[in-house]
Amino acid sequence: MSVVRTRFAPSPTGYLHIGGVRTALFCYLFAKKHAEGRFVLRIDDTDQQRNVQEALAPILSGLKWLGINWDEGPEVGGPFAPYYQSERADKYQAAVDKLLAGGFAYRDYSRPEELQAEREEAQAAKRTFVYSRRFMAETEEDCRRFEAEGRQGVVRLKIPREGSVVVHDLIRGDVEFDWAQEQDHVIQRADGSCLYHLANVVDDYDLQITHVIRAEEHLSNTPRQIFIAQSLGYPLPQYAHLPFVAEPGSKTKLSKRKLDKYLKNRDFAKLVEQGKKIADRVGLATTADGFNPVIVDFYRQVGYLPEAIDNYIALLGWALDDKSEYFSLKELLDLFTLEGVTKASASFDPAKLFAFQEKHMSELPAAEKYARVLRYLIAAKHVEAPEYADANFEALPELAPAETVVRLPWTDAISPEAVKTTIEKTVAAAGDRIKVSGDVLDFDEFFADDANFPIDEKAWNKRVVDDADAVGRLADFLAELEAIPEAEFVASTLDAALHAFLEKRELKPAQLIHALRVASTGKGVGVGMFDALEILGKDRATKRIRRALELARQ
RNA sequence: GGCCCCAUCGUUUAACGGUUAGGACACGGCCCUUUCAAGGCCGCGAUACGGGUUCGAUUCCCGUUGGGGUCACCA
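The first sequence begins at 919 in the working numbering and counts up one residue at a time.
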C-alpha cells in the first residue's frame, strides 16, 4: 500500500473561509492519521494576477493558526516542487501535446458567438447542448485554413459521445454519469495558458496524490477529470466528495458575500456584535474583508482559540459516535475516518461554534489565558508594555511572552509586578466570563485611574442616588475596610468582614454590595465583589470608595 | 430545464432491520446566587410524503415532494 497523500488546493483569493478550512482540515486529518501520510498544499493560481503572495498570505496564516500544517507546499517546498500552478505550465503543455497526439483532444477554431448560437439552438429545441465540432481541425492544413480566416485555436477535450463513467466515491458510493452530458471542455486557451481541470489532473498525478478529498461541488466535474487522467494513462486517485458547509439555517452553500443576509440570523449577529466591540477597542478596522465570521481571520482577531474552531469545524459533517464532541486536534488525528463523514450538507451554526469556544476556553491553563489576554489589554491601552510601545494590534504577539513588562499608563506608583498580579487575578476572577480573549476588555475597571475612572450612570443612579441609605452604609463600611490590615485584604477576609458588618445591622447583602460595586468599579456588573476588592487592593479600593462618597455628597 | 447529490428535533448528529428514536447546541422553567457569568436539575422538540419488501422498517427498494450542486476560454 502506497503512502497516503492528500492535498488542499486553494486559489489565492485573499481570505480563508470556513468551508475551505473544513476541506483542508479533513484532508489534513485523513493524511496525517496514516503512517507517513503527507498533506500537500498546492496553489491553484492558473488564472491569477501579480499579487499572488499577498492574496495567499491570509490563507497560509489561517491554516497555520489552526494547526493545519502542510508537509509540502509554499514556504516549505518539497520533492515535487513547484507547488504553484502558475509555475508548472510546461507540465501542462506536455499533457496537452500527449492528449492531442492520442486523439483525446483536438484543436478547435470556433468563435465564441458561433458556439453560443449552437448553444441557443439546442436550448430552443430543448436538447442537451453538444458541440458540433464544426471547427475542429483534424489536420495541420485545417489549422492553417482556419487561421487564415482569422480564427484562434483552443484545445478541447474530445469527450466520448456515448457510454458512461462511474465515479467511485468514498463517501457517496458509485455515481454514474453519461458521457453524452459532458461537454468538450476547453483545456488550453489560444494564448497557451491551461485551464483548471487539466492542471488539476496533471498536478494530482505529478504530486502523487492518492486521495482527492474536496467539496461536493466538484463531484459533477469529476467525469471530465477522469477522462483526462485515463487518456493520459494515469492511475485514478480515490475520490471523496465532502458535503457543503451551508449557511446558518439554510442548505445553501456558505458564501462570504452574503454577510448582510446572515446578519439577520440572531446567533450570527451576536458573534459579529461581540467581535465589533472588541475590534473597536483594539483599533481594528471592522470594515476589512477579513472581519466576517465566515472568514477565519475574524476568530483570530477577536481572540478565539484555534482548537475550538478546529473542533467545531471537524463536527461540521463528521461525527465519531452518539456522544463524543469535544476533541483536540491531536485526538481528531486519531479518531477521524472518512466513514464518519456525513452525506448531507451541514449548516454553519455560530451559536454552537461559540459553545465550543467557551468549553475550550474554560479548560485553558491560567498562564496561557494570561498570555492571550495581554495582547488585548495592550492594544486597548489599558496597560503599556515598553517593548511594544508603538505596536498596533496586529503587530502584538498572540501569546505574549511571560516576561513581558507591563505598567499602567496613568501611574508609576504601581510596580510592573503588581500590574501583572492584577491581570492574573482579573483573569482568574473573571473566569468563565472571558469567553474569547478580547472579552478581557470588559474588565478594564481594574486598570483604570482610581481618581478618574468612568462610572456607569444608570448603575450609579440606581444603586447610590436612588438608595437613600447607600451613602451612609458605604461610609460606615469604608471605615471597616480601612481597619483591615493591607496583608489581609483578600477575598475571604473581606467576605467575612462584610457579612459581620451586615449581621450587626441586620442588613441583606444586596443592601450594601450593589452600591459598593458601583463605587469601587464604576459598573453595575462584574466579577465577585470580594474578588474585585482584592484585585484593587486596599489602597486603590478605599481611594475609589472615598471618591464615590465625595461625588455622592456633592 | 438536463444531469448529479441529499433528506432524523430549530441546528448538528447517533441508531448500519427489533431502542420508550440517544446526545450536543439553542430555547423554556426551576435551583444556586451580591450583579453578570458559570454550574446543577427538569422540560420542549425529529424519522418529509406515498407505496412496496419483511414477522418487524429511521434503516432496504420504487415513486412523489422538497432542498442543494453543476452545466464557462473561473477555480
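Ideal Cβ placement from N, Cα and C applies to all residues, glycine included.
Beta-ladder partner(s) of C1112, from DSSP: By one-based count along the first sequence, residue 1112 stands at place 194. C1112 pairs with Q1106.
Every unbroken alpha helix (DSSP H) within the segment 1167–1195, with a cutoff of 4 residues, ordered by chain: 1177–1180
Separation of A1043 from V1130, as counted between CA atoms: Here residue 1130 corresponds to residue number 212 of the first sequence, with the count starting at 1. Here residue 1043 corresponds to residue number 125 of the first sequence, with the count starting at 1. Cα to Cα, the separation comes out at about 38 Å.
Contact the segment 1424–1437 vs the segment 1378–1393: 3+ CB pairs below 8 Å: yes
Own chain residues within Cβ distance below 8 Å of Q1070, not counting five before or after: Here residue 1070 refers to the residue found at position 152 of the first sequence. So the qualifying residues of the chain are Y1027 and A1108.
Cβ neighbour criterion (16 or more within 10 Å) applied to A1285: Position 367 of the first sequence, counted from the first residue, corresponds to residue 1285. Burial call: exposed.
Chain-order list of residues whose beta-carbon lies under 8 Å from that of K1009 (same chain, five-residue window excluded): Position 91 of the first sequence holds residue 1009. Once the five neighbours on either side are set aside, the close Cβ partners of K1009 are V1120, D1121 and D1124.
Counted within 10 angstroms of its Cβ, other Cβ atoms place D1215 as buried (16 or more) or exposed: Residue numbering aside, residue 1215 sits at position 297 when the first sequence is read from its first letter. So D1215 ends up on the buried side.
Close beta carbons around R1391, own chain, < 6 Å, minus the five adjacent residues each side: Position 473 of the first sequence holds residue 1391. Cβ within range, chain order: L1430.
N1183, buried or exposed, once every other Cβ within 10 Å from all chains shown has been counted against 16: Against the first sequence, residue 1183 aligns to sequence position 265. Looking at its Cβ environment, which holds 16 or more other Cβ atoms inside 10 Å, N1183 is buried.
Close-in-space but distant-in-sequence residues of the same chain around L1233 (CB under 7 Å, 5 per side omitted): For this step, residue 1233 is matched to residue 315 along the first sequence. Here the set comprises E1243.
Whole-angstrom distance between T1170 and K1241, CA atom to CA atom: As a first step, residue 1241 must be located in the first sequence, where it is residue number 323. As a first step, residue 1170 must be located in the first sequence, where it is residue number 252. Using only the alpha carbons, I get a separation of about 27 Å.
DSSP-derived helix/strand/coil call for W1236: Along the first sequence, one-based indexing puts residue 1236 at 318. Of the three classes helix, strand and coil, the one that applies to W1236 here is strand, per DSSP.
Pairwise C-alpha distance: L1075 and V1048: As a first step, residue 1048 is located in the first sequence; it is residue number 130 there, counting from the start. As a first step, residue 1075 is located in the first sequence; it is residue number 157 there, counting from the start. Taking the straight line joining both Cα atoms gives about 12 Å.
Nonlocal neighbours in the same chain, by C-beta distance under 6 Å from K1456, ignoring five residues either side: Numbered from 1 along the first sequence, position 538 holds the residue referred to as residue 1456. Closer than 6 Å at the Cβ level, and outside the excluded window around K1456, lie E1404 and F1407.
Inter-residue Cα distance where the pair is A1386 and D1178: Here the question's residue 1386 lines up with position 468 in the first sequence. Here the question's residue 1178 lines up with position 260 in the first sequence. Those two C-alpha atoms are separated by around 48 Å.
Residues bridged to S1050 [DSSP beta-bridge criterion]: Mapped onto the first sequence, residue 1050 falls at position 132. Partner(s): none; S1050 has no beta bridge.
Alpha carbon of L1420 to alpha carbon of A1397, nearest angstrom: Position 502 of the first sequence, counted from the first residue, corresponds to residue 1420. Position 479 of the first sequence, counted from the first residue, corresponds to residue 1397. Between L1420 and A1397, the C-alpha separation is close to 14 Å.
Contact check, P1141 vs K1261, beta carbons under 8 Å: Locating residue 1141 in the first sequence gives position 223, where the first residue counts as 1. Locating residue 1261 in the first sequence gives position 343, where the first residue counts as 1. Contact: no.
Exposure label - N868; buried when at least 16 CB within 10 Å: In the structure as shown, the chain begins at 919 and stops at 1472. Residue 868 is therefore absent and cannot be evaluated.
Distance, K1194 Cα to Y1217 Cα: What you label residue 1217 is simply residue 299 of the first sequence in a count that begins at 1. What you label residue 1194 is simply residue 276 of the first sequence in a count that begins at 1. Using only the alpha carbons, I get a separation of about 11 Å.
Exposure of Q1041, with buried meaning 16 or more beta-carbon neighbours within 10 Å: Position 123 of the first sequence, counted from the start, is the residue given in the question as residue 1041. Under this definition Q1041 is an exposed residue.
Run of the beta strand (DSSP E) containing Q1156, from where it starts to where it stops: Indexing the first sequence from 1 puts residue 1156 at position 238. Start and end: Q1156 to L1160.
Classification of V1190 by the beta-carbon crowding that lies within 10 angstroms, buried from 16 upward: Translated into the one-based positions of the first sequence, residue 1190 becomes position 272. Classification of V1190: buried, given that the 10 Å Cβ count is 16 or more.
Limits of the unbroken alpha helix (DSSP H) element including V1214: Counting from 1 along the first sequence, the entry for residue 1214 is found at position 296. Segment V1214 to V1220, the alpha helix (DSSP H) holding V1214.
8 Å Cβ shell around D1252 - same chain, five flanking residues per side excluded: Translated into the one-based positions of the first sequence, residue 1252 becomes position 334. Within the same chain, D1252 has close Cβ partners K951.
Rounded C-alpha distance that separates D1413 from F1371: Here residue 1413 refers to the residue found at position 495 when the first sequence is read from its first residue. Here residue 1371 refers to the residue found at position 453 when the first sequence is read from its first residue. For D1413 and F1371, the distance between alpha carbons rounds to 24 Å.
Inter-residue Cα distance where the pair is G1201 and A1309: Taking the first sequence and counting its residues from 1, the one referred to as residue 1201 is at position 283. Taking the first sequence and counting its residues from 1, the one referred to as residue 1309 is at position 391. One C-alpha to the other measures close to 11 Å.
CB-CB length for V1014 against I1105, believed under 8 Å: Along the first sequence, read from residue 1 onward, the residue named residue 1014 stands at position 96. Along the first sequence, read from residue 1 onward, the residue named residue 1105 stands at position 187. That pair is a contact at about 6 Å.
Backbone CA spacing between A1158 and S1410 [nearest angstrom]: As a working mapping, residue 1158 is identified with position 240 in the first sequence. As a working mapping, residue 1410 is identified with position 492 in the first sequence. C-alpha separation (whole angstroms): 59 Å.
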